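Only one structure is covered here, and it is reproduced in the block below.
In the numbering used here, the protein residues as written are 189 to 513.
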């Protein structure tokens with residue numbers, strides 16, 4: 189039965205009528221009474237809940253019975269405790285602490301125990317550490333062949349970003365590659381020199397015109413393309429401007445024009461500039477790391493010599509830490 193139906197026909201002066209004289213008023217009073225009882229029961233329940241909450245708080249208003257307080261005041265989780273948890277649970281705990289959730293389970297556990305975010309390490313093949321190690325091995329730095337994997341590992345902090353066992357494998361691979369490279373280079377150099385001596389390159393190709401690389405026409409065309417002369421003139425007209433161009437057939441010279449235009453156009457592109465800039469930055473960083481490595485090794489060798497001289501003479505020899513070397 190709707191409220192509108194109950195109140196239909198009841199005028200504003202119904203308060204002057206007794207419930208007994210109007211059955212509809214009697215029904216309204218019953219509904220209001222039930223509503224008051226429900227409200228009072230609700231208030232009673234809220235008061236009981238307040239009492240239950242207050243009973244779990246101490247004098248300072250701290251909730252002594254909460255799960256969070258138990259977790260904070262309870263014993264700190266050990267590695268075994270965390271290892272028994274699932275990965276989703278570990279990630280939830282990391283999110284609650286504002287820590288990254290990437291990595292394997294062992295990484296998640298270590299992050300929870302230390303509270304520190306794992307350092308992002310580059311892949312070995314694209315790292316400065318690899319390029320530094322390759323440069324040290326291939327350039328055959330003094331003493332590098334006598335150093336153990338552990339000594340090389342400790343010689344630069346970028347090496348220590350990787351596990352020692354994996355670093356040993358990287359070092360063995362690079363040393364084997366360098367040895368093979370030296371063997372091939374020595375044989376190839378002898379063979380190339382013998383071939384150049386026995387079979388020198390002829391001034392002209394088998395088709396009867398000069399080689400383009402190293403020819404003055406190559407530098408002249410590069411200049412004409414760069415200053416826009418090649419854009420303003422047809423290939424045949426540009427061909428007639430210089431005698432160096434005429435030493436080549438017109439169709440060969442035309443192909444070199446297109447090649448030079450494409451080369452300079454790609455060099456001006458943002459992708460080339462970005463890659464070139466990144467390459468130069470990477471090479472400069474590796475060079476700086478190599479210089480630091482040389483300086484540190486020089487200081488160690490200098491100190492070793494000073495220590496040996498001091499033991500032999502019984503005197504005091506200045507070390508690299510005492511003077512600028």
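Just so it is clear, CB atoms sit at the ideal spot from N, CA and C, and this is done for glycine as well. Model, not experiment: these values are computed from the prediction.
Check your understanding: Near residue 399, what residues of its chain come up, given a Cβ to Cβ distance below 7 Å and the 5 sequence neighbours on each side ignored?
Key -> These residues qualify, in order along the chain: 393.
Check your understanding: Just the Cα atoms here: how many angstroms apart are residue 300 and residue 309?
Key -> Using only the alpha carbons, I get a separation of about 19 Å.
**Study point:** Spatially closest choice to residue 452 from 412, 482, 484, 479, by CA coordinates
**Key:** It is 412.
**Study point:** Residue nearest to residue 341 in terms of C-alpha spacing, selected from 326, 327, 360
**Key:** Ranking the options by Cα distance to residue 341, first place goes to 360.
Exercise for review: Have a look at residue 497 and residue 287 and give me their C-alpha separation to the nearest angstrom.
Suggested key: Here the alpha carbons of residue 287 and residue 497 stand approximately 54 Å from one another.
Check your understanding: What residues match up with residue 398 in a beta bridge as DSSP calls it?
Key -> The beta-bridge partner set that DSSP reports for residue 398 consists of 392.
Practice item. Assuming residue 432 and residue 408 form a contact by the criterion Cβ under 8 Å, report the distance between their Cβ atoms to the nearest whole angstrom. Key: With a Cβ gap of about 6 Å, residue 432 and residue 408 count as contacting.
Exercise for review: Give a yes or no on contact between the stretch 290-299 and the stretch 271-278, applying the rule of three or more CB pairs nearer than 8 Å.
Suggested key: With the cut-off at 8 Å, the stretch 290-299 and the stretch 271-278 touch.
Review point. Leaving out five residues before and five after residue 391 in sequence, what residues of the same chain have Cβ atoms less than 7 Å from its Cβ?
Key: Counting only residues of its own chain and dropping the five nearest sequence neighbours on each side, residue 391 has a CB closer than 7 Å to the CB of 398.
Point to revise | C-alpha distance - residue 381 paired with residue 375, whole-angstrom precision | key: About 10 Å.
Check your understanding: With 16 as the cutoff for other CB atoms within 10 Å, does residue 474 come out buried or exposed?
Key -> Flag for residue 474 reads buried.
Check your understanding: Rounded to a whole number of angstroms, what is the C-alpha to C-alpha distance between residue 292 and residue 285?
Key -> Between residue 292 and residue 285, the C-alpha separation is close to 18 Å.
Practice item. Please confirm if the stretch 317-333 is in contact with the stretch 464-484, defined as three or more CB-CB distances below 8 Å between the two stretches. Key: Three or more Cβ pairs drawn from the stretch 317-333 and the stretch 464-484 lie within less than 8 Å of each other, which places the two stretches in contact.
**Study point:** is_contact[residue 344, chain B] using C-beta, thresh 8 Å
**Key:** No chain B appears in this structure, which consists of one protein chain only.
**Study point:** Delimiting residues of the alpha helix (DSSP H) encompassing residue 491
**Key:** Bounds of the alpha helix (DSSP H) holding residue 491 are 458-501.
**Study point:** Option in 318, 379, 402, 418 with minimal Cα separation from residue 345
**Key:** Taking each of 318, 379, 402, 418 in turn and checking the Cα distance to residue 345, the smallest one comes out for 318.
**Study point:** residue 331 to residue 312 span [Cα, whole Å]
**Key:** Straight across, the Cα-Cα distance linking residue 331 with residue 312 is about 24 Å.
Check your understanding: The alpha helix (DSSP H) with residue 419 in it runs from where to where?
Key -> From DSSP, the alpha helix (DSSP H) with residue 419 extends over 417-420.
Practice item. Consult DSSP for residue 291 and reduce its assignment to one of helix, strand or coil. Key: Taken through DSSP and simplified to helix, strand or coil, residue 291 comes out as coil.
Check your understanding: Roughly how many whole angstroms lie between the Cα atoms of residue 423 and residue 441?
Key -> Between the C-alpha atoms of residue 423 and residue 441 there is a straight-line separation of about 8 Å.
Review point. Which term fits residue 436, buried or exposed, when burial requires 16 or more other beta carbons within 10 angstroms of its beta carbon?
Key: Only buried fits residue 436, as 16 or more other CB atoms lie within 10 angstroms of its CB.
Check your understanding: Rounded to the nearest angstrom, how far is the Cβ of residue 449 from that of residue 418, given a contact under 8 Å?
Key -> Yes, they are in contact, since the Cβ atoms of residue 449 and residue 418 sit about 7 Å apart, within 8 Å.
Point to revise | residue 358 burial status per 10 Å Cβ neighbour count (16 or more: buried) | key: By the 16-neighbour rule on beta-carbons within 10 angstroms, residue 358 is buried.
**Study point:** For residue 302, three-class secondary structure by DSSP
**Key:** Looking at residue 302 - three-state DSSP - the assignment turns out to be helix.
Exercise for review: Tell me whether residue 403 sits in a helix, a strand or coil according to DSSP, three-state version.
Suggested key: In the structure shown, residue 403 sits in coil (DSSP, three-state: anything other than H, G, I, E or B).
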